[in-house]
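Engineer:
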Amino acid sequence: AEDGGDAGSDSEDGGDAGSDSEDGGDAGSEAEDGGDAGSDSEDGGNAGSEAEDGGVEQEDAPEEEPQKAAAESLCGNAGKYLPPHVLRAEETVAAQKREERERLKKHVQGLINRLSEPNMASISGQLEELYMAHSRKDMNDTLTGILMSACAPGTAMPGRLVMEHVLLVSILHRTVGIEVGAHFLEAVVRKFDDVYKKGTEGKECDNLFTIIAHLYNFHVVQSLLIFDILKKLIGTFTEKDIELILLMLRNVGFSLRKDDALSLKELITETQAKASGAGSKFQDQTRIRFMLETMLALKNNDMRKIPGYDPEPVEKLRKLQRALVRGAGSGTESQLRVSWDSVLNAEQTGRWWIVGSAWSGAPMISSQQKAPQKPLADLVEVSAKMLELARKQRMNTDVRRNIFCTIMTSEDFLDAFEKLLKLGLKDQQEREIVHVLMDCCLQEKTYNPFYAFLAGKFCDYERRFQMTFQFSIWDKFRDLENLPATNFSNLVSLVAHLLKTKSLPLSILKVIEFSELDKPRVHFLREVLHVLLMGTEAEDICFIFARVSDNPKLGVLREGLKLFISHFLLKSVQAHRSAEEASALRERAELATKALQGRPSLRM
Numbered sequence: 024a025e026d027g028g029d030a031g032s033d034s035e036d037g038g039d040a041g042s043d044s045e046d047g048g049d050a051g052s053e054a055e056d057g058g059d060a061g062s063d064s065e066d067g068g069n070a071g072s073e074a075e076d077g078g079v080e081q082e083d084a085p086e087e088e089p090q091k092a093a094a095e096s097l098c099g100n101a102g103k104y105l106p107p108h109v110l111r112a113e114e115t116v117a118a119q120k121r122e123e124r125e126r127l128k129k130h131v132q133g134l135i136n137r138l139s140e141p142n143m144a145s146i147s148g149q150l151e152e153l154y155m156a157h158s159r160k161d162m163n164d165t166l167t168g169i170l171m172s173a174c175a176p177g178t179a180m181p182g183r184l185v186m187e188h189v190l191l192v193s194i195l196h197r198t199v200g201i202e203v204g205a206h207f208l209e210a211v212v213r214k215f216d217d218v219y220k221k222g223t224e225g226k227e228c229d230n231l232f233t234i235i236a237h238l239y240n241f242h243v244v245q246s247l248l249i250f251d252i253l254k255k256l257i258g259t260f261t262e263k264d265i266e267l268i269l270l271m272l273r274n275v276g277f278s279l280r281k282d283d284a285l286s287l288k289e290l291i292t293e294t295q296a297k298a299s300g301a302g303s304k305f306q307d308q309t310r311i312r313f314m315l316e317t318m319l320a321l322k323n324n325d326m327r328k329i330p331g332y333d334p335e336p337v338e339k340l341r342k343l344q345r346a347l348v349r350g351a352g353s354g355t356e357s358q359l360r361v362s363w364d365s366v367l368n369a370e371q372t373g374r375w376w377i378v379g380s381a382w383s384g385a386p387m388i389s390s391q392q393k394a395p396q397k398p399l400a401d402l403v404e405v406s407a408k409m410l411e412l413a414r415k416q417r418m419n420t421d422v423r424r425n426i427f428c429t430i431m432t433s434e435d436f437l438d439a440f441e442k443l444l445k446l447g448l449k450d451q452q453e454r455e456i457v458h459v460l461m462d463c464c465l466q467e468k469t470y471n472p473f474y475a476f477l478a479g480k481f482c483d484y485e486r487r488f489q490m491t492f493q494f495s496i497w498d499k500f501r502d503l504e505n506l507p508a509t510n511f512s513n514l515v516s517l518v519a520h521l522l523k524t525k526s527l528p529l530s531i532l533k534v535i536e537f538s539e540l541d542k543p544r545v546h547f548l549r550e551v552l553h554v555l556l557m558g559t560e561a562e563d564i565c566f567i568f569a570r571v572s573d574n575p576k577l578g579v580l581r582e583g584l585k586l587f588i589s590h591f592l593l594k595s596v597q598a599h600r601s602a603e604e605a606s607a608l609r610e611r612a613e614l615a616t617k618a619l620q621g622r623p624s625l626r627m
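Residue 24 is where the sequence shown starts when you use our numbering, and the numbers rise one by one after that.
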């Protein structure tokens, strides 16, 4: 059922399946281009002929290139013949992919151009939807390129503008996945390193360094990276280095003191020693004195001694960040603990700080000491009673039995999450975690929130789990009329919890045909929306509904939800609820309707 759901979803949203096929087209095109080298060697005789005829003038070469390229295009790798229809198909796919990327770039550029604090919820929500509908690589490349152009030109940038753009990255880092922030961080660090080494004039270097500072301010990276670069600057200690050190300390100095006071104290001591040893190196000692005074103010926690220091803008945006990522996992868990050199050497050693990326450095276990692989059936030791329970729940494969027994023998949802990850399941086996979790949740005689918290943890951990839960829930939507009353009630509670905690977006309801609602679906939607509206803070309601407000593909969902709220939810509320509860529901329904119309009112 899930695989069928994948195909349907991809065809509807133009999602990953389309991207994958297009990527395949690129590979084919590259293979075709790779044939050029072989063709050149085969045609090498031409050079000799031309030499005998007295050579060909350089100006004439371009006229012959189209003919030569056409001839060479008939050869693939190792001189293999490619039929014309295959070449045309590959060229068509490559052209379609370029066109799709160009449309994506224009869309993202339009969103970034409108970015500001008031519409941060709407813009971040639309970008999340784009991440769901397009290949993650295309989105990361596009978003990073546009943000770098916006925040790091050669001229000085307003601090507020840079903060808002980095805040957007930090929100997506939490709601989409840590690879968003990791990709952006790596691009910024590499660019800064390149600009710094070249000694380029202008403010590009300062702008890039400010971006790095705010990536720390908004909890994308931990303090390790900041201390690393500051130590490197202190090591070289030029006038530009002193300027950059001051820039960093003004932006994040007191945060560094709060996070790691001991490391900051060591850094200050090292700087003082370097400054005293380089006394005759600088004709103007003013800047060095000012830097030392700033460090002393940090050491003594005296904000008044730092001219122009104002923590208010960062604190205000941090408050907005907390509102927008509430329920999207712990900020500490998503912070990247990575050193400066690790980022610069990522191509050689691998991006180990991103889950699932390759490790290219020294092997962690030598070939002689490799641990023997345990068979899957032996990974979990369980009692005969537990195995009998698994059999009754129709856990009819080794994988399902191990997942079921792991869940049932865990102390809490965090313990279950860690143990399930340690099973080391891949692909289809990993998707069984979601299916077993859904089955267990729905078959409980009374709703157990344990499963909802565990499901939310997996959704927050990786997007692939989010997608699998989405497809699994869609399968249940199609079968609502056949679900027993207990299963139906548990499904309502599970879906409402995942929506309330922002583990899944409201767009999971897009598969419901609002024009053809039957009694089970009306009942299901009424219960889910009631729990969602009454059990969620007002600012969270605005954010949840605003996430689907501006996506043109979700117009039917928006109109369907507005009609359902007014005709089914509110008209029946007076008969079944108290006057006080009915009044509260109407207020929250009005908030949701306004947010669906693109007017989220986040109350800070």
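In this text, a Cβ means the ideal position worked out from N, Cα and C, and glycines have one as well. All values reported here derive from a predicted model rather than from experimental measurement.
Nearest CA to the CA of Val-459: which residue from Ser-433, Arg-349, Ala-413?
Structural biologist: Comparing Cα-Cα distances from Val-459 to each of Ser-433, Arg-349, Ala-413, the minimum goes to Ala-413.
Engineer: Counting pairs of beta carbons, one from the segment 122-131 and one from the segment 141-157, are three or more of them closer than 8 Å?
Structural biologist: With the cut-off at 8 Å, the segment 122-131 and the segment 141-157 touch.
Engineer: Drop a sphere of 10 angstroms on the beta-carbon of Met-326, count the other beta-carbons inside from all chains shown, and report buried for 16 or more, exposed for fewer.
Structural biologist: The residue in question, Met-326, is exposed, as its Cβ has fewer than 16 Cβ neighbours within 10 Å.
Engineer: How would you label Val-109, buried or exposed, when you count the other beta carbons within 10 angstroms and need 16 or more for buried?
Structural biologist: With fewer than 16 other Cβ atoms within 10 Å, it is exposed.
Engineer: Could I get the ranges of all uninterrupted alpha helix (DSSP H) runs contained in the segment 421-488, with 4 residues as the minimum, in chain order?
Structural biologist: DSSP runs (the alpha helix (DSSP H)) wholly in the segment 421-488: 421-431, 436-445, 450-466, 472-484.
Engineer: For Tyr-332, tell me which candidate among Ser-512, Gly-373, Thr-317 has the shortest Cα-Cα distance.
Structural biologist: Considering only alpha carbons, the answer is Thr-317.
Engineer: Measure how close the beta-carbons of Val-189 and His-237 come, nearest whole angstrom, since I'm counting them as under 8 Å.
Structural biologist: Indeed, because the Cβ distance is near 4 Å, the residues count as touching under 8 Å.
Engineer: What does DSSP give as the partner residues of Leu-359 in its beta bridges?
Structural biologist: According to DSSP, Leu-359 bridges with Val-244.
Engineer: So, helix, strand or coil for Tyr-9, using DSSP?
Structural biologist: The structure shown does not extend to residue 9, since the chain is modelled only from 24 through 627, so no value can be given for it.
Engineer: Three-state secondary structure (DSSP) at Gly-300?
Structural biologist: Note: Gly-300 maps to helix in three-state DSSP.
Engineer: Given a cut-off of 8 Å, decide if Ala-475 and His-546 are closer than it, judged by their beta-carbon atoms.
Structural biologist: The answer is no: Cβ separation not under 8 Å.
Engineer: Where are the beta strand (DSSP E) runs, 3 residues long or more, that stay fully inside the segment 146-182, in chain order?
Structural biologist: Runs found: none.
Engineer: Can you tell me where the alpha helix (DSSP H) holding Val-211 begins and where it ends?
Structural biologist: Per DSSP, Val-211 belongs to the alpha helix (DSSP H) from 201-221.
Engineer: With respect to the alpha helix (DSSP H) encompassing Glu-504, which residues constitute its N-terminal and C-terminal limits?
Structural biologist: Premise fails: Glu-504 is in no alpha helix (DSSP H) and is neither H nor E.
Engineer: Answer with buried or exposed for Ser-246, where buried requires no fewer than 16 other C-beta atoms within 10 angstroms of its C-beta.
Structural biologist: Classification of Ser-246: buried, given that the 10 Å Cβ count is 16 or more.
Engineer: Taking DSSP as the reference, what is the three-state secondary structure of Gly-578?
Structural biologist: DSSP places Gly-578 in helix when its eight states are reduced to three.
Engineer: Looking at the secondary structure, which residues open and close the alpha helix (DSSP H) in which Met-557 lies?
Structural biologist: Per DSSP, Met-557 belongs to the alpha helix (DSSP H) from 542-557.
Engineer: Look at Leu-359 and Ala-205 and say whether their C-beta atoms are less than 8 Å apart.
Structural biologist: In this structure, Ala-205 lies closer than 8 Å to Leu-359 by Cβ.
Engineer: If we count the other Cβ atoms within 10 Å of its Cβ and call it buried at 16 or more, is Val-337 buried or exposed?
Structural biologist: Buried, because 16 or more other Cβ atoms sit within 10 Å of the Cβ of Val-337.
Engineer: Does DSSP put Gly-331 in a helix, a strand or coil?
Structural biologist: Coil.
Engineer: Distance check for Ile-146 and Asn-368, CA to CA, integer angstroms please.
Structural biologist: Going by the C-alpha atoms only, they are around 33 Å apart.
Engineer: Just the C-alpha distance for Ala-301 and Arg-345, rounded to the nearest angstrom, thanks.
Structural biologist: Distance between the alpha carbons of Ala-301 and Arg-345: 44 Å.
Engineer: Can you list, in chain order, the residues of its chain with a C-beta nearer than 7 Å to that of Leu-231? Leave out the 5 residues immediately preceding and following it.
Structural biologist: The residues are Ala-175, Val-211, Lys-214, Phe-215, Val-218.
Engineer: Roughly how many angstroms lie between the CA atoms of Ala-144 and Ser-193, to the nearest whole one?
Structural biologist: Taking the straight line from one Cα to the other gives about 13 Å.
Engineer: Keeping to the same chain, check which residues put their C-beta closer than 8 Å to that of Pro-472; ignore five residues upstream and five downstream.
Structural biologist: Correct list, in chain order: Ser-516, His-520.
Engineer: Do the segment 526-541 and the segment 567-586 meet, that is, are 3 or more Cβ pairs less than 8 Å apart?
Structural biologist: Output reads yes: the segment 567-586 touches the segment 526-541.
Engineer: Can you give me the C-alpha to C-alpha distance between Lys-328 and Ala-561, rounded to a whole angstrom?
Structural biologist: Taking the straight line from one Cα to the other gives about 40 Å.
Engineer: Report back the beta-carbon spacing between Thr-372 and Ser-362 to the nearest angstrom; my notes put them in contact at under 8 Å.
Structural biologist: The Cβ separation is near 11 Å, so there is no contact.
Engineer: May I have the straight-line CA-CA distance separating Ala-674 from Glu-467, to the nearest angstrom?
Structural biologist: Because the chain here runs from 24 to 627, residue 674 falls outside it and cannot be looked at.
Engineer: Considering only the beta carbon of each residue, do Ser-495 and Val-551 sit closer than 8 Å?
Structural biologist: Not in contact: Ser-495 and Val-551 (Cβ atoms no closer than 8 Å).
Engineer: Quick check: what's the CA-CA separation for Asp-450 versus Gln-620?
Structural biologist: Using only the alpha carbons, I get a separation of about 39 Å.
Engineer: Could you check which residue in Gly-168, Lys-339, Gly-225, Phe-481 has the C-alpha nearest to that of Val-203?
Structural biologist: The residue with the shortest Cα to Cα distance from Val-203 is Gly-168.
Engineer: Whole angstroms is fine: what's the gap from Val-275's alpha carbon to Phe-427's?
Structural biologist: Whole-angstrom Cα-Cα distance: 46 Å.
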